Every structure is written in C-alpha cells, then in structure tokens.
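Asker: Quick note, the sequences are listed as chains A and B, same order.
Here the first sequence stands for residues 237 to 613, where the numbers follow the working numbering.
Here the second sequence stands for residues 1138 to 1419, where the numbers follow the working numbering.
Don't be surprised by glycine CBs; every beta carbon is placed ideally from N, CA and C.
Nothing here was measured: the structure is a model prediction, and the numbers come from that model.
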Amino acid sequence: MRVRHGPGQQGILQLLTAYANFVTRSPYSVQSGVLMRGSGVDGTAIEASGLVKRYAGAAALDGVDLAVRAGTVCALLGPNGAGKTTAVRVLTTLLRPDAGTARVAGADVLRESQEVRRRIGVSGQEPAVDEILGGRQNLVMFARLLGYRPAAAAERADALLDRFGLAGAGAKQVKHYSGGMRRRLDLAVTLLLAPQVLFLDEPTTGLDPRNRNEVWAAVRGLVAGGTTVLLTTQYLDEADRLADEVVVMDEGRVIAAGTPAALKARVGGERLEVVVRDAADLAAATAALAEVCDGPPEVDADAGRVGGDVARPVAALGRVLSTLTAAGVEPTDIGLRRPTLDDVFLRITGHRTGPRPDRAAEVADGTEGTDGAEVAA
Amino acid sequence: MSGATPVATGPAPLPQVLPAGRLRRAVRDGLLVARRDVSHWVREPQMILWGLAVPIVTVLLFAYVFGSGIRVPGDGDYRDFLMPGIFVQTMAFGIGETLAAVQADSAKGVTDRFRTMPIAPSAVVLGRCLAAMLYSTASLGLMVGCGLAIGWRWRGSAVDALAALGLLLLLRFALLWVGILLGLRARSAEAANAVFGLLYPVTMLSNAFVAAELMPGWLGTVVEWNPLSSSITATRMLFGNPVGTATSWPGENALVLSVVWPLVVTAVFLPLAVRAFRGLSR
Chain A
237 MRVRHGPGQQ
247 GILQLLTAYA
257 NFVTRSPYSV
267 QSGVLMRGSG
277 VDGTAIEASG
287 LVKRYAGAAA
297 LDGVDLAVRA
307 GTVCALLGPN
317 GAGKTTAVRV
327 LTTLLRPDAG
337 TARVAGADVL
347 RESQEVRRRI
357 GVSGQEPAVD
367 EILGGRQNLV
377 MFARLLGYRP
387 AAAAERADAL
397 LDRFGLAGAG
407 AKQVKHYSGG
417 MRRRLDLAVT
427 LLLAPQVLFL
437 DEPTTGLDPR
447 NRNEVWAAVR
457 GLVAGGTTVL
467 LTTQYLDEAD
477 RLADEVVVMD
487 EGRVIAAGTP
497 AALKARVGGE
507 RLEVVVRDAA
517 DLAAATAALA
527 EVCDGPPEVD
537 ADAGRVGGDV
547 ARPVAALGRV
557 LSTLTAAGVE
567 PTDIGLRRPT
577 LDDVFLRITG
587 HRTGPRPDRA
597 AEVADGTEGT
607 DGAEVAA
Chain B
1138 MSGATPVATG
1148 PAPLPQVLPA
1158 GRLRRAVRDG
1168 LLVARRDVSH
1178 WVREPQMILW
1188 GLAVPIVTVL
1198 LFAYVFGSGI
1208 RVPGDGDYRD
1218 FLMPGIFVQT
1228 MAFGIGETLA
1238 AVQADSAKGV
1248 TDRFRTMPIA
1258 PSAVVLGRCL
1268 AAMLYSTASL
1278 GLMVGCGLAI
1288 GWRWRGSAVD
1298 ALAALGLLLL
1308 LRFALLWVGI
1318 LLGLRARSAE
1328 AANAVFGLLY
1338 PVTMLSNAFV
1348 AAELMPGWLG
1358 TVVEWNPLSS
1368 SITATRMLFG
1378 NPVGTATSWP
1388 GENALVLSVV
1398 WPLVVTAVFL
1408 PLAVRAFRGL
1418 SR
C-alpha cells in the first residue's frame, strides 16, 4: 500500500497511513547481542551508536554516538531543534530510531525496552502529572502501577513528598500547585523506583533561580547516591555547574564533547569587551585590548565593539581602562562577559545558535509527525 | 526540598513486584488506570454533570418544544420514538469525552510517562476502556431514568430491553477506539473540540429525531445508511417503540447491522488505537 501526501494533509490520509504502517512494519528489528544486566561491560550506563531519526526527509538525529559512564552527569547542550529531545526520546524507549543502536543501563532500548523502563526515570520538559488528582494521589497511583503494594506505595509516596518539601500539599489538587511544586512532584514520581539512569529534559527551563537551585541540588544528591543522569539544557551555565561531561549538539549531530573545563578552554575563558561611540576610537581600543588578550581581538566595526578572551580578567579590565584613559578615549561600555552557548556555537560551528531559516522549516514539518513520507519512501 | 542531601538514592527500595502472569499484570494495571478516572469523578463531579447536561436538555427540547410538531409515521408516540435516538446520541457523544481525555493526557506528557514505565503496554488502553464503559453505563442509566420521567416506556420483554442496552454499550465500545485513536493523533485541544462539533451533524443526520421517510429522497437515503440509524432502529425494535413505516434494506436489516457495524469499527480501530498508543508508527 502506498500513500503519498504532503506533511500538512492529515485526517483520513493519516488513518490510511497508520493502517499502512500497521500492516507493513514489524514492531521490532532483530539484532544479535548478548543480554547484559545492569550497566555495560566497562561501567557505561548509556551507550548509543549511529542513531538516526528522520522526519519527512529532515534528520532530527543524524548519526549520534553517545557514551556516558555510570554515576556521572552528562549534559546534552544545544539550541532548540538540535535533536536533544529526540535523542532522549529514543533512549527512553518512546521513539524508534530509523537506524542505530542504544543500550541504557545494560539493556537494549529496542529489544529489551521493558527492561530499560524498569531501570530509568524520565522527566520531560513539562511536568507530566495528573492535574485533577492530588500530589499524594499521583505518587500512590504511579507507585501502584510500578508494582508497589498499597501499603508500600503509601509509605513511598509520603517519604518522597517529605523529601521534596510537598508534605503539606499532598492532598491539594496539582492544578493548584505552583510551577516549582509541579516540577518537584514530577521529579518525585520519576524517582519512585530509584532509577539507575535518570533522564531530565530541560529540567530548569521556566523555573525561577530559587527553584532552579533546588533542582540542581536534587540532581547532585542523586549523583552522590550513584545514579547516572543525562540532562538536556540550552544553558552553558547549567551544563558547567552540573555535568561531568558536556555533549554539544547541533542539527542532529554531536559537534563537540568533553568536560566543561575542556569545552570552555576551547571557547576561551572570560571575554573582555569594549564599546566606543566614535569609529575613530576603534583603533585605540583594539590596540589596548591587543595588549591583554590571548589572541588578536575581534572587531565589530558597525557596533563599535572590540572583544577578546582574557586569561586574567580583572587585571586585564584595569589595564585596558587605564590605557584608554591615557589615550583620551572614553568607552560607552566596558565589561567582562562569561562565554555563552552562543559563543560555543560560534567557535565550533562558525554560526550562531538557532536553526538556519531553511532548516527551521524542515524541522518544523518533521516534528508534526509525518508517517506518510515514511510509507511513501 | 532536601538541599544537598541525597534524594532517594542507594540501592532502590525494590517494590514488591507482584508475581503474576502478563495477563494478570495487564488487568491489574488496567484497573489501576481506570481507578484514576474514578478518582477524577470523585474530585470533580461537576464534570459529569456538565457532560450529562447536553443530552438531558436535548430530551427536554425535543419532547416538549420540537416534538409537538414532529409526526411519527405509523402513528406512534413521539416520546417513545425519541428516546432510543437520544440513547444512541449519548453513546456517540462518548467519542468526544474519550478524545478530550486522551488528548489532554498526551498534551500533558502523562501518556509518555505511562509509556516509559515498565507496565503492560495494553494496560493504559484497557484502563481507559474500563473507565469509559463504566461511565457510559452510568450515563445510559441516567438517560433511561430521564426517559421514564417524561413518559417513555419499553413495551417489549425485559430480555429484549436488556438486549437493547447491550447493543447501545456495544456501540459505545466500538466508538471508544475511534476516540482513543483521534485523541492520540489530535495535535491540540482545539482539534479535539472540532471533532466534538462534528459529532452534532453526524448524529443529527440519522433517524434519531425524525423518521427517514419524512426527509427529501436523497437525504433519507443518507440517513438510512448512517450506521447510527441502524443502532437506533434496532434499539427501537427491541424496546418495542415505534420504528416508522419505511421499507429500506438497512431498515429491514437493522438488527444485524447494529451488531455488524460496531464489530467492523472495533476490528479496524482497536488495533490502530493500541498501535498509536505504543507509538511504534511514529
């Protein structure tokens, strides 16, 4: 059965397509492999190789390899549309890759998905809890589904409510919770089984600084207890604070990986920037910066901005300021800036964050879930 | 919040996983999922009341306002003619309830949460099915009470009346899978609402309120072949209520069709819904 249609056409065609998929595709591809228990042979909690996932021809994942050691935190860093969430969905058995293999906590995500589910906890971008039920009801229900007997489920629910500072709100309907409380309840549900590997998809997006610190503290506590954590983030700062290893993704590919220190070394340390009003002062500013920067300063003539990486930021700031004052140049702005995700991208890929326009359109189509193209292909 | 102290760490306090076969486990999980819906009704009973307001208002409107001007071919009582149509409409509107609930779960990520948990893949769908049938049985009971209150009666045997209720629940069971599939595929709550809006004309384009033989020729044919009309006619027959005077093929074979249609719909949509839930085609 062949069904051809554009990504926008849904409805009845989608039914046909679903039926076609149902008829033509076998649910699992068979691969040879030895069943292993727990983490992998060399203490690897997550290992993926050659993961590919295409939507309507555009690759959301374009050959991703990953290796995360047990008991460490790995941060997938990248802008929207980089493929971070798709990677997490594949590793958490929610999405079948078009190609590639992955093992999580020693089990194959395709052939032993149920075994993987027993060993992982997943917290998505939005708190996935029942809004109508109370917080405690949520925990008890999910605990019962995970196999706890009634008394044990109640005990576990109370212990987690207590640990996440929700003991007083257990009876309250979740729809009356604040954003931070929902996040914490979501984490509590995720930890019901004390997972070996925890997946957190943008755990702090949309949280205020206080709640963000709470989530970070919880993650550190878990890692101290031996849990492996894979988190996705758009913030270099977050990856820096939490992760042992950072994997930078862009357009469905891993473009860099290493410790936060190594990554920052690659991007450069802190950056000193000077902005002047008169174009005539640019030369003086560039000369002043050249004395303290690690390399030749970058000049943005249109913005009147000169910037460069500095090894000793405070000393450099003082020296540049006095040089400029001696030369009679008064900058409109001068300051130190930590490298951002944008800087990482600029250095590694040569372009700024955010999918390029042509690419953005493809990816947007892809996320609409177009089975039709797969059938036609 | 625990600050720097470990949160739920170390060797997991392993749950006492029940030693049970896969089927038993699936049934147990399904019951747990269904219980979630029951908890919803306890928490927010007003949702049920709103859901029942529409059919009750429809009964009152047609029994007292429009019904005064609608004739039943063959000279039957209009309220006896009307109620089987209302029962079928109530079952058909169940699609909307299922769709909205399933869509909300998908949008909130609750469906994905279920799918990353080591529970039987069929349990969530089974639980949804149990809860929907429980809800439908209760609302059908309420609509029967509503009918009795306005003077509707079943004129046949009690066995036939029970068979009629069985037919209605069979229809609801079939439509459940349509609702689950559409709910899993709906991109937004707006899309779910749009489908709900479509249910009105589809149920109206049946012989629920007016006999097909009173409509213009082509429209009458469309109405006669509407699968819902078969269920309505069959329900009327079993309740001993007036069925009109038409002699069309679907009308004469209403009893058979009222069983065949739901079975066909179930055969097509049940595997699709389960497959969509497992997400294997995405």
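1) Output yes or no for whether 8 Å exceeds the beta carbon distance between residue 396 of chain A and residue 429 of chain A.
2) Can you pull the chain A neighbours of residue 1312 of chain B, defined as C-beta to C-beta under 9 Å?
3) Please report how far the alpha carbon of residue 1200 of chain B lies from the alpha carbon of residue 359 of chain A, in whole angstroms.
4) For chain B, is any of its Cβ atoms less than 8 Å away from the one on residue 353 of chain A?
5) For residue 1411 of chain B, which of B:1214, B:1316 and B:1362 has the nearest alpha-carbon?
6) I'd like to know whether the C-beta of residue 356 of chain A is nearer than 8 Å to at least one C-beta of chain B.
7) With a threshold of 8 Å between beta carbons, is residue 1234 of chain B in contact with chain A?
8) Please report how far the alpha carbon of residue 289 of chain A lies from the alpha carbon of residue 475 of chain A, in whole angstroms.
9) Would you call residue 1278 of chain B buried or exposed, if buried means 16 or more other Cβ atoms sit within 10 Å of its Cβ?
10) Would you check if the distance between the CB atom of residue 1253 of chain B and the CB atom of residue 570 of chain A is smaller than 8 Å?
11) Relative to the alpha-carbon of residue 499 of chain A, which residue among A:579, A:568 and A:567 has its alpha-carbon at the smallest distance?
12) For the region 1223 to 1251 of chain B, list every residue whose C-beta sits within 9 Å of some C-beta in chain A, in sequence order.
13) Taking just the CA atoms, how far does residue 344 of chain A sit from residue 287 of chain A?
14) Quick one: is residue 1364 of chain B buried, meaning 16 or more other Cβ sit within 10 Å of its Cβ, or exposed?
15) Taking only beta-carbon atoms, is residue 1256 of chain B less than 8 Å away from chain A?
16) For the region 1162 to 1182 of chain B, which residues have a CB atom closer than 7 Å to at least one CB atom of chain A, in sequence order?
17) List the residues of chain B whose Cβ lies closer than 7 Å to the Cβ of residue 368 of chain A, in chain order.
18) Could you name the residues of the same chain whose beta carbon sits closer than 6 Å to that of residue 514 of chain A, not counting the 5 residues immediately before and after it, in chain order?
19) Between residue 409 of chain A and chain B, is any beta-carbon pair separated by less than 8 Å?
20) Touching or not, the region 481 to 498 of chain A and the region 539 to 548 of chain A, by the rule of three or more beta carbon pairs under 8 Å?
21) Which residues of chain B have a Cβ atom closer than 8 Å to the Cβ of residue 328 of chain A, listed in chain order?
22) So, with DSSP's three-state summary, where would you put residue 1346 of chain B?
23) What residue range does the beta strand (DSSP E) around residue 545 of chain A cover?
24) Grab the span of the alpha helix (DSSP H) containing residue 529 of chain A for me, first residue to last.
25) Chain B beta carbons: is any one of them nearer than 8 Å to that of residue 297 of chain A?
26) Just to confirm, is the Cβ distance from residue 1300 of chain B to residue 1375 of chain B under 8 Å?
27) Within 10 Å of its beta-carbon, does residue 1327 of chain B have 16 or more other beta-carbons around it, so buried, or fewer, so exposed?
28) By Cβ distance below 8 Å, which residues in the same chain neighbour residue 534 of chain A in space, the five residues on each side in sequence not counted?
29) Where residue 1389 of chain B and residue 1408 of chain B are concerned, what is the direct C-alpha to C-alpha distance, given to the nearest angstrom?
30) Could you give the first and the last residue of the continuous alpha helix (DSSP H) run that contains residue 397 of chain A?
31) Cβ closer than 7 Å: which chain B residues qualify as neighbours of residue 474 of chain A?
32) When you compare each of A:297, A:443 and A:315 to residue 331 of chain A by their alpha carbons, which one comes out closest?
33) Which two residues bound the contiguous beta strand (DSSP E) that contains residue 1218 of chain B?
34) Between residue 380 of chain A and chain B, is there a C-beta pair that is closer than 8 Å?
35) Within the continuous alpha helix (DSSP H) that includes residue 536 of chain A, where are the two ends?
36) Please give me, in chain order, every unbroken run of the beta strand (DSSP E) with length at least 3 that falls completely inside the region 416 to 442 of chain A.
Answerer: In short:
1) no
2) Per Cβ cutoff of 9 Å: no residues; residue 1312 of chain B is ~15 Å from chain A at best.
3) 52 Å
4) yes
5) B:1316
6) yes
7) no
8) 25 Å
9) exposed
10) no
11) A:579
12) 1241, 1242, 1244, 1245, 1246, 1247, 1248, 1249, 1250 and 1251
13) 13 Å
14) buried
15) yes
16) 1166, 1169, 1173, 1176, 1177, 1180 and 1181
17) 1177, 1180 and 1181
18) none
19) yes
20) no
21) 1253
22) coil
23) 541 to 546
24) That residue, residue 529 of chain A, is in no alpha helix (DSSP H); it is neither H nor E in DSSP.
25) no
26) yes
27) exposed
28) 542, 543 and 544
29) 31 Å
30) 386 to 399
31) In chain order: nothing, as chain B lies at least about 17 Å away.
32) A:297
33) Per DSSP, residue 1218 of chain B belongs to no beta strand (DSSP E); it is in the alpha helix (DSSP H), 1215 to 1245.
34) yes
35) Here residue 536 of chain A belongs to no alpha helix (DSSP H); instead the beta strand (DSSP E) covers 534 to 536.
36) 433 to 437
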